[in-house]
Amino acid sequence: MKTTTDATATMCEGPDCAGNPDANAIGVTCPISSRGEKSGTSMIRRFLSYATQSGIPRRSFLVAVVVGTILNLINQGDAAVGGGSVNWTKIGLTFLVPYCVATYGAVSYRLRQERETRPSPSVSSEQP
Numbered sequence: 025m026k027t028t029t030d031a032t033a034t035m036c037e038g039p040d041c042a043g044n045p046d047a048n049a050i051g052v053t054c055p056i057s058s059r060g061e062k063s064g065t066s067m068i069r070r071f072l073s074y075a076t077q078s079g080i081p082r083r084s085f086l087v088a089v090v091v092g093t094i095l096n097l098i099n100q101g102d103a104a105v106g107g108g109s110v111n112w113t114k115i116g117l118t119f120l121v122p123y124c125v126a127t128y129g130a131v132s133y134r135l136r137q138e139r140e141t142r143p144s145p146s147v148s149s150e151q152p
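This is how it looks when you write it as structure tokens:
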């Protein structure tokens, strides 16, 4: 498979690209970034970077406190008020799940914005 690299991506120029024999005509982007690393690794790094910056952890924490408290009162309120046994694992997970959902939502929104504002890679006009 022959590839052409510009500043933003690596473009496929052969039938081996993504199993698509028409890769040249449609300009399929290879799963390799311009730095030579797999795009999945790059996506994970960007996801973790966004998840730990720009106020996302604080907002996710606040969502987890509010939603987790409400859900814990619904699910285990009778045990907490009535003096029954409380399942601490469930309490922890009831706070963790809203935190993860809020974080995922915020990060996926930022990744979508990044993808929409990034200039599209140029397609090579060279035919094999």
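So the sequence shown is numbered by the working numbering: it starts at 25 and just counts up by one. Ideal Cβ placement from N, Cα and C applies to all residues, glycine included. Please read these numbers as outputs of a predicted model, since none were measured by experiment.
By a beta-carbon distance limit of 8 Å, T127 contacts S84. Their separation comes to about 4 Å.
Here the alpha carbon of L135 sits roughly 34 Å from the alpha carbon of N99. Within the model, the alpha-carbon separation for V91 versus P122 is close to 7 Å. Looking from the CA of E138, the closest CA among G64, T65 and F71 belongs to F71. Leaving aside the five residues that flank R142 on each side, none in its chain has a CB nearer than 6 Å to its CB. With fewer than 16 other CB atoms across the displayed protein chains lying within 10 angstroms of its CB, A104 is exposed. Classified as exposed, V89 has fewer than 16 neighbouring CB atoms from the shown chains inside 10 Å of its CB. Short of 6 Å from the beta carbon of V87, and not among the five residues preceding or following it, lie these beta carbons of its own chain, in chain order: P122 and A126. Boundaries of the alpha helix (DSSP H) around R82: I80 to G106. With respect to the 8 Å criterion, I68 and Y74 are not classified as neighbours on the basis of their beta carbons. Shown here, S66 sits in a helix according to DSSP, grouped into three states.
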